[in-house]
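Numbering (UniProt numbering) for the sequence shown: 1 to 445.
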Amino acid sequence: MAMVPSRSATTIAKLRCYHVMKIDGYSKTLNSHGDRPVFSSSSFRAGGRSWHISYRPMGSLHHPENTEFISFYLVLDDTVNKPVMAEASFTLLNRDGTPAKETWTTSVNSFSISRDLDRGFGYEEFIKREELEKSEFLKDDCFAVRVHVHVIREAPYVTVPPPDLHQHLGHLLRSKEDADVEIEVGSERFPAHRLVLAARSPVFMAQLFGPMKVPATANVIRVHDMEARVFDVLLSFMYTDAWPDHLKEDVDEPAMTQHLLVAADRYGLQRLKLMCEDRLCSRVSTASVATLLALAELHCCDRLKEVCFQFLLRSSTTTVVLGSQELEFLAQSCPAVLKELAHILKLKLRFSCGSNSGVFVPSVVGPRTLARLSRDRLRLPRHLHRRALPGHFREPHRSRTIAQVLLKGPCVLSDENRSDAPGPAAASSSSGSSANASSKFAKPD
Numbered sequence: 001m002a003m004v005p006s007r008s009a010t011t012i013a014k015l016r017c018y019h020v021m022k023i024d025g026y027s028k029t030l031n032s033h034g035d036r037p038v039f040s041s042s043s044f045r046a047g048g049r050s051w052h053i054s055y056r057p058m059g060s061l062h063h064p065e066n067t068e069f070i071s072f073y074l075v076l077d078d079t080v081n082k083p084v085m086a087e088a089s090f091t092l093l094n095r096d097g098t099p100a101k102e103t104w105t106t107s108v109n110s111f112s113i114s115r116d117l118d119r120g121f122g123y124e125e126f127i128k129r130e131e132l133e134k135s136e137f138l139k140d141d142c143f144a145v146r147v148h149v150h151v152i153r154e155a156p157y158v159t160v161p162p163p164d165l166h167q168h169l170g171h172l173l174r175s176k177e178d179a180d181v182e183i184e185v186g187s188e189r190f191p192a193h194r195l196v197l198a199a200r201s202p203v204f205m206a207q208l209f210g211p212m213k214v215p216a217t218a219n220v221i222r223v224h225d226m227e228a229r230v231f232d233v234l235l236s237f238m239y240t241d242a243w244p245d246h247l248k249e250d251v252d253e254p255a256m257t258q259h260l261l262v263a264a265d266r267y268g269l270q271r272l273k274l275m276c277e278d279r280l281c282s283r284v285s286t287a288s289v290a291t292l293l294a295l296a297e298l299h300c301c302d303r304l305k306e307v308c309f310q311f312l313l314r315s316s317t318t319t320v321v322l323g324s325q326e327l328e329f330l331a332q333s334c335p336a337v338l339k340e341l342a343h344i345l346k347l348k349l350r351f352s353c354g355s356n357s358g359v360f361v362p363s364v365v366g367p368r369t370l371a372r373l374s375r376d377r378l379r380l381p382r383h384l385h386r387r388a389l390p391g392h393f394r395e396p397h398r399s400r401t402i403a404q405v406l407l408k409g410p411c412v413l414s415d416e417n418r419s420d421a422p423g424p425a426a427a428s429s430s431s432g433s434s435a436n437a438s439s440k441f442a443k444p445d
């Protein structure tokens, strides 16, 4: 073992280690210890573990066919209770000690003590002896190999709790600690904190710290046109950014959601407004569609508006069911929506009362489509403008809009018996044609 590598040098950087193994008397190692000699470097430490390099000039003991190759292995000396993860790279050094361009890098391996084979890994075909002997790496019967060891340590598993800032701010609101302003809504007052209100709402920011701010000595801000219970929920959301749990089981939750959407839009709480809009989209019904349609129009809720139009058009037998009160409410609150609805009904009438090619009802009516349709004057379909519709109106002029027709009284637009609908030429030729026409407009039961 006199010719075993005599010098070792270790450079440590965190869990990385460079170890240089110098082979003195290369030719003598080929004739020692029988056919498959094995030499070991001095031990070195990397990643808190002890290692050494195994040098086998005649190849691996486990592969007798590779006797023409030189093998290098990284071996773990320590006894460990659980596997150690590490990778290694082997590089030949030039005469001046600089590494060669080519580097042999292993993949990440797991070291254990269950078997000897698990305690080392490397390259059994590192380089052919013939190539080494002809290269410039071998000089004066010596060559050197640098091994770069990287021990991988698993980070300790830490359970990170979910964010709880909303809980702390909610406690601050409930405790009323250091509250420096009161919001007066009706006969109730709500203690709050100026900085929290200003940080959450641009309206409160302008009111408390903007050019029109209230005096610092004025500790009461009055809010008009809002119920106290609505502002209570609004204030809770401003502190916690969460939907109140008590509203989930409230029987008046749909009505409260509508009021809350108006309040959120008023104070610039976009997230709360979208949450309310999302909940209302799933609560559109025959009784609420007119109210929600007006709400969507007045507060720029495009998705809710689109859902309401889809609800009015999705039935295959009854397209629209609106009583006189609903029409009057829409006409007074937002006539533009009624005009859009009349446009859609015109499309419906055109396809349901016209040719027999089929009924077409748009399933999705987007804002762009409605804007395009609203640029044109609404007129009745050509084959209906002189038709007598019992119980509702007689329209001798084509210039009358469908919106005006709707405002005459309640109606039900139906697709029933569409396949038997007469064309314009047959409108006055028989009593059967008149019956078919009246089936298109019938008073609700």
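A virtual CB, placed ideally from N, CA and C, is assigned to each residue, including glycine.
- Between Cys334 and Leu280, the gap from beta carbon to beta carbon reaches 8 Å or more.
- Cα atoms of Gly59 and Asp78: separation of roughly 25 Å, rounded to the nearest angstrom.
- For Glu227, there is no enclosing alpha helix (DSSP H), as DSSP gives it neither H nor E.
- By alpha-carbon distance to Val151, the top candidate from Thr291, Glu277, His171 and Gly48 is Gly48.
- Excluding the 5 residues flanking it on each side, Pro99 has same chain C-beta neighbours closer than 7 Å at Thr91, Leu93 and Arg146, in chain order.
- Nearest neighbour of Phe39 by Cα position, chosen from Leu272, Ala46 and Ile53, turns out to be Ile53.
- Taking all protein chains in view, the Cβ of Pro57 is crowded by 16 or more other Cβ atoms within 10 Å, so the residue is classified as buried.
- For Ser71, the uninterrupted beta strand (DSSP E) run begins and ends at Phe69 to Leu76, by DSSP.
- Leu93 carries a strand assignment under DSSP once its states are collapsed to helix, strand and coil.
- DSSP places Asp265 outside any beta strand (DSSP E); the residue lies instead in the alpha helix (DSSP H), whose first and last residues are Glu253 to Arg266.
- With a beta-carbon spacing of about 14 Å, Phe190 and Glu177 fall beyond the 8 Å limit used to define contacts.
- With a cutoff of 8 Å on beta-carbon distance, Leu312 and Val289 are scored as near each other.
- A direct Cα-to-Cα measurement between Glu136 and Ala86 gives close to 31 Å.
- Ranking Tyr267, Leu30, Ala294 and Ala255 by CA distance to the CA of Cys142 puts Leu30 first.
- In the three-state scheme derived from DSSP, where H, G and I count as helix and E and B as strand, Arg279 is classed as helix.
- For Phe39, the beta-bridge partners assigned by DSSP are Tyr55.
- Cα atoms of Ser282 and Ala88: separation of roughly 60 Å, rounded to the nearest angstrom.
- By the beta-carbon neighbour count (other beta carbons within 10 angstroms, threshold 16), Thr67 is exposed.
- Ranked by how close their Cα comes to the Cα of His19, the residues Trp51, Gly25 and Ile344 have Trp51 in first place.
- Under a 10 Å Cβ-count criterion, Lys346 is classified as buried, with 16 or more other Cβ atoms of the shown protein chains found around its own Cβ.
- Boundaries of the alpha helix (DSSP H) around Glu297: Val289 to Leu298.
- Counting the other Cβ atoms within 10 Å of the Cβ of Asp225 gives fewer than 16, which makes it exposed.
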